[in-house]
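Colleague: Those sequence lines, one after another, are chains B and C. Quick note on numbering: the first sequence equals residues 24 to 133 in the working numbering. Quick note on numbering: the second sequence equals residues 151 to 262 in the working numbering. Even glycine gets a Cβ: it sits at the ideal position worked out from N, Cα and C. Sharing a structure with you now.
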Amino acid sequence: KNEVEQSPQNLTAQEGEFITINCSYSVGISALHWLQQHPGGGIVSLFMLSSGKKKHGRLIATINIQEKHSSLHITASHPRDSAVYICAVPSGGGADGLTFGKGTHLIIQP
Amino acid sequence: DVKVTQSSRYLVKRTGEKVFLECVQDMDHENMFWYRQDPGLGLRLIYFSYDVKMKEKGDIPEGYSVSREKKERFSLILESASTNQTSMYLCASSFIGPRPLHFGNGTRLTVT
Chain B
24 KNEVEQSPQN LTAQEGEFIT INCSYSVGIS ALHWLQQHPG GGIVSLFMLS
74 SGKKKHGRLI ATINIQEKHS SLHITASHPR DSAVYICAVP SGGGADGLTF
124 GKGTHLIIQP
Chain C
151 DVKVTQSSRY LVKRTGEKVF LECVQDMDHE NMFWYRQDPG LGLRLIYFSY
201 DVKMKEKGDI PEGYSVSREK KERFSLILES ASTNQTSMYL CASSFIGPRP
251 LHFGNGTRLT VT
């Protein structure tokens, strides 16, 4: 079964700062997911990537398959980016289940 | 836009009650999942289904069962609710294969 480690667990930063959240996993994968959860519960899929880099607005996700590592970056951070960011990878059991990291709780202060 | 709808946002039940959590998706997804989310433990898979009437146990199936009689609907059943099942329950769906997951808004269940 794949194991997922995210860091940091908590991050507080000032508006405008460049943010990096890291994710490492133990078993080779077909794709990695980055998810965002705002207070109140709803989870939104931000990225699914299997190689290289993807960009959506101020969010950038990168993955290094050889090193089994991914990063999520936020440029010019804003208080509305405050949320929990979760990394997920295939569990490795042959079906499409995912194993999730415990999440990074990000707070951006004005 | 994909919509995954969970029947209740908040639910309060008594110990020993049978509890039904319903989830409906409108995108013809094959996969449907039930997760629970607890502070410090993250999201954990209870059960998933990849087709009608098919189900597979996840990491923490004890005390739960599921039903998928139609492709769009996946129900989670707590046979006899206990206080340690107080949690946020999230339903998700996706197409087969490495495809994005779509989540419902969650049901916060409190068992007293």
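Measuring straight from C-alpha to C-alpha, what distance separates glutamate 250 of chain C and methionine 71 of chain B?
Modeller: Here residue 250 of chain C corresponds to residue number 100 of the second sequence, with the count starting at 1. Here residue 71 of chain B corresponds to residue number 48 of the first sequence, with the count starting at 1. The question names glutamate, but residue 250 of chain C in the sequence shown is proline. Going from the Cα of proline 250 of chain C to the Cα of methionine 71 of chain B covers about 6 Å.
Colleague: State the Cα-Cα distance for the pair tryptophan 184 of chain C and tyrosine 200 of chain C, rounded to the nearest angstrom.
Modeller: For the purposes of this step, residue 184 of chain C is taken as residue 34 along the second sequence, with counting starting at 1. For the purposes of this step, residue 200 of chain C is taken as residue 50 along the second sequence, with counting starting at 1. For tryptophan 184 of chain C and tyrosine 200 of chain C, the distance between alpha carbons rounds to 12 Å.
Colleague: Cutting at 6 Å between CB atoms, please list the residues of its own chain near glycine 51 of chain B, excluding the five before and the five after it.
Modeller: Translated into the one-based positions of the first sequence, residue 51 of chain B becomes position 28. For glycine 51 of chain B, where only same-chain residues beyond five positions count, there are no Cβ hits under 6 Å.
Colleague: Can you name the start and end residues of the beta strand (DSSP E) that proline 113 of chain B belongs to?
Modeller: Along the first sequence, one-based indexing puts residue 113 of chain B at 90. Proline 113 of chain B -> beta strand (DSSP E) spans 106 to 113.
Colleague: What residues in the segment 48 to 65 of chain B bring their beta carbon closer than 7 Å to a beta carbon of chain C?
Modeller: Correct list: Ser53, Ala54, His56, Gly64 and Gly65.
Colleague: Check the Cβ-Cβ distances between glycine 124 of chain B and every residue of chain C, and say whether any is below 8 Å.
Modeller: To locate residue 124 of chain B, count along the first sequence from 1; it is residue 101. It does: the Cβ of glycine 124 of chain B has a partner Cβ on chain C nearer than 8 Å.
Colleague: For isoleucine 42 of chain B and histidine 96 of chain B, what's the separation of their Cα atoms in angstroms?
Modeller: For the purposes of this step, residue 42 of chain B is taken as residue 19 along the first sequence, with counting starting at 1. For the purposes of this step, residue 96 of chain B is taken as residue 73 along the first sequence, with counting starting at 1. C-alpha separation (whole angstroms): 5 Å.
Colleague: Run the CB neighbour count on alanine 106 of chain B, radius 10 Å, all protein chains shown included, and call it buried at 16 or more, exposed below.
Modeller: To locate residue 106 of chain B, count along the first sequence from 1; it is residue 83. Under this definition alanine 106 of chain B is a buried residue.
Colleague: Mind checking phenylalanine 170 of chain C: buried by the 16 CB within 10 Å criterion, or exposed?
Modeller: Counted from its first residue, the second sequence places residue 170 of chain C at position 20. Result: exposed.
Colleague: Please classify glutamine 32 of chain B as buried or exposed, where buried requires at least 16 neighbouring CB atoms within 10 angstroms.
Modeller: The residue given as residue 32 of chain B occupies position 9 in the first sequence. Flag for glutamine 32 of chain B reads exposed.
Colleague: Please report how far the alpha carbon of leucine 195 of chain C lies from the alpha carbon of proline 189 of chain C, in whole angstroms.
Modeller: Counting from one through the second sequence, the residue named residue 195 of chain C turns up at place 45. Counting from one through the second sequence, the residue named residue 189 of chain C turns up at place 39. Between leucine 195 of chain C and proline 189 of chain C, the C-alpha separation is close to 15 Å.
Colleague: For valine 154 of chain C, report the span of its beta strand (DSSP E) as first-last.
Modeller: Here residue 154 of chain C refers to the residue found at position 4 when the second sequence is read from its first residue. Start and end: 154 to 156.
Colleague: What does serine 244 of chain C reach in chain B if we use C-beta pairs closer than 7 Å?
Modeller: The residue labelled residue 244 of chain C in the question sits at position 94 within the second sequence. Under the 7 Å cutoff, chain B gives Asp119.
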